[in-house]
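Let me begin by presenting the structure, written as structure tokens, before commenting on it.
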Amino acid sequence: PVRIRLEYPPEDIELEIVKKHVSGNHDSEIVQAIKLANILRQAAAVEELFYSPSLRETIAFGKLLDSGMSSKESAKIVFGNVYTQWGNIEYQKVSDIITSMFGN
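In the numbering used here, the protein residues as written are 1075 to 1178.
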């Protein structure tokens, strides 16, 4: 079999990709979400977490902001909820990161 390894785009390119899918001006919040996604991706790469978020998640985050949802609630829904399937410890790790980045 042939394997092709693809890297995630740099933060500025990911921001431009997300902006093509959202209508509002949420640049600072989306940049925070991309930073969160990169932290989770790095943790998954060294097997500290079981899942690595894709660009799909950062786009979904932006769309939730467009709907009027707060950035913290959007982050919990998009980035946090997926980790509940691996138990409370995984979810709590991610929840703590979200709180540290988006506040209480």
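In this text, a Cβ means the ideal position worked out from N, Cα and C, and glycines have one as well. Computed from a prediction, not measured in an experiment: that's the story for all the values here.
Mind checking which residues open and close the alpha helix (DSSP H) that includes Ser1174?
Residues 1162-1176.
Residue range of the alpha helix (DSSP H) that Glu1109 falls in?
Checking the displayed sequence, the identity of residue 1109 turns out to be Lys instead of Glu. Taken as a continuous stretch (DSSP letters only), the alpha helix (DSSP H) holding Lys1109 covers 1101-1119.
Tell me whether Tyr1157 sits in a helix, a strand or coil according to DSSP, three-state version.
DSSP places Tyr1157 in helix when its eight states are reduced to three.
Would you mind giving the Cβ-Cβ distance between Val1096 and Gly1136, rounded to the nearest angstrom? I have them listed as a contact below 8 Å.
Contact flag correct, Cβ pair sits at about 4 Å.
Can Thr1158 and Glu1088 be called in contact, C-beta distance under 8 Å?
Contact flag unset, no.
With DSSP collapsed to three states, give me the class of Ser1141.
Three-state result, Ser1141: coil.
How far does the alpha helix (DSSP H) with Lys1093 in it extend, from its first residue to its last?
Counting along the chain, the alpha helix (DSSP H) containing Lys1093 begins and ends at 1085-1093.
Can you tell me which of the three DSSP states Glu1147 falls into?
Here Glu1147 sits in helix by DSSP.
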